[in-house]
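>
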Amino acid sequence: MLRSTPWMITFACLTLACAPEPEPGPEPAPEPIAMEEEAAPVTASAHLTAAEGSEISGQVDFTETEDRVRITAHVVGAPSGTHGFHVHEIGDCSAADFTSAGDHFNPAGVEHGGPDAEVHHAGDLGNIEIGEDGTGHLELTSKQLTVSAGDSSVVGRAVILHADADDLTSQPTGAAGARLACGVVEAGSPAPAEGAAPGAETSEGAEDAEAAEGEAGDGGEG
Ligand code: CU
Ligand code: ZN
């Protein structure tokens, strides 16, 4: 990772520093540029939203500390049972079936496995257990993901909740079945959090999904 530092800086410049201010400032807030590189914990998060007609939502937070990333996920409104849970390589949840998120995030080019296995995709987070009340909670740490910029960064990827259990062995997906919910991982802490955000995002997501369906041609679902 140290060797890629110049590249990381370039990437940070491209994504953070060199392209801010997309809007001609309605707010005169003079924010000093305080992008310190190693001071505060580096965080990112994803809001999970489901396809139209589903009430699944969730929140996934990533916090980088020293040599690892802590991952905390909350899911509500999901069918009870064991569901595969992964970081996928493309931060695009626009397709109705979320295939737009691509394959499991696998910067090392290795085989699929459980998060505790010696070899597994960096994006393999294993399974999340959803209770009878439709809620689930998952916490784990990863030494194969980062939040800060680089080849292993989760920022700009997607988190996917699957319909079935990840068997942790089948290649290349763990046979986890359809994709029930998806969220793009964005840098920074969640602004609203507190449970209000997933609901608010659901309606937005539904609109986005409709728009995407329109662009991609009629999905024929309804
Ligand atoms: Cu997946
Ligand atoms: Zn995998």
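Count the sequence shown with the working numbering and you get residues 147 to 368, in order.
Cβ coordinates follow ideal geometry from the N, Cα and C atoms, glycine included.
This structure is a prediction, so every number in the text was calculated from the model and none was measured.
1. Ser-246 by DSSP, collapsed to three states: which one?
2. Under 8 Å, with one C-beta from each stretch per pair, do the segment 190–201 and the segment 263–273 reach the 3-pair mark?
3. For the ligand ZN, I want to know if Gly-282 counts as a neighbour, meaning its beta carbon is within less than 7 Å of at least one of the ligand's heavy atoms.
4. Would you mind giving the Cβ-Cβ distance between Gly-382 and Ala-190, rounded to the nearest angstrom? I have them listed as a contact below 8 Å.
5. What residues in its chain sit with their C-beta under 7 Å from that of His-220, if we drop five residues either side in the sequence?
6. Assign Pro-261 to one of two classes, buried (16 or more other C-beta atoms within 10 Å of its C-beta) or exposed (fewer than that).
7. From the DSSP output, read off the bridge partner residues of Leu-291.
8. Which residues, in chain order, sit with a beta-carbon under 5 Å away from any heavy atom of the ligand ZN?
9. Going by the beta-carbon positions, is the gap between Ala-197 and Asp-238 smaller than 8 Å?
10. Count the other CB atoms, across all protein chains shown, that sit within 10 Å of the CB of Ser-316; report buried if there are 16 or more and exposed otherwise.
11. Please give me, in chain order, every unbroken run of the beta strand (DSSP E) with length at least 3 that falls completely inside the segment 200–277.
12. So, do the segment 217–234 and the segment 273–283 have three or more beta carbon pairs nearer to each other than 8 Å?
13. Can you grab the Cα-Cα spacing for the pair Glu-210 / Val-331, in whole Å?
14. With a threshold of 7 Å, establish whether the CB of Gly-120 neighbours any heavy atom of the ligand CU.
15. May I ask which residues mark the beginning and end of the beta strand (DSSP E) holding Gly-329?
16. To the nearest angstrom, how far is the alpha carbon of Ala-327 from that of Phe-231?
17. Less than 7 Å separating the Cβ of Ala-219 from some heavy atom of the ligand CU?
18. Rounded to whole angstroms, what is the Cα-Cα separation between Ser-288 and Val-215?
19. Under 6 Å Cβ to Cβ from Ala-263, same chain only, skipping five residues before and after it: list those, please.
20. Looking at Ile-274: is its Cβ nearer than 8 Å to the Cβ of His-234?
21. Please state if the CB of Ala-309 and the CB of Gly-329 are separated by a distance shorter than 8 Å.
22. I'd like to confirm something about His-229: is its beta-carbon nearer than 7 Å to some heavy atom of the ligand CU, or not?
23. Any heavy atom of the ligand CU within a distance shorter than 7 Å of the CB on Ile-306?
In brief:
1. helix
2. no
3. no
4. Look at the range of the chain in this structure, 147 to 368, and you will see that residue 382 is not part of it.
5. If you ignore the 5 residues before and after His-220, its C-beta comes within less than 7 Å of the C-beta of Gly-204, Gln-205 and His-283, all in its own chain and listed in chain order.
6. buried
7. According to DSSP, which records beta bridges pairwise, Leu-291 is partnered with nothing at all.
8. The set, ordered by position in the chain, is His-250, His-258, His-267 and Asp-270.
9. no
10. exposed
11. 203–211, 214–222, 227–234 and 270–276
12. yes
13. 14 Å
14. The question about residue 120 has no answer, for the chain in this structure spans 147 to 368.
15. 325–330
16. 10 Å
17. No, Cβ of Ala-219 sits at least 7 Å from all heavy atoms of the ligand CU.
18. 5 Å
19. There are no such residues.
20. no
21. no
22. Because no heavy atom of the ligand CU lies under 7 Å away, the Cβ of His-229 does not count as near it: no.
23. yes
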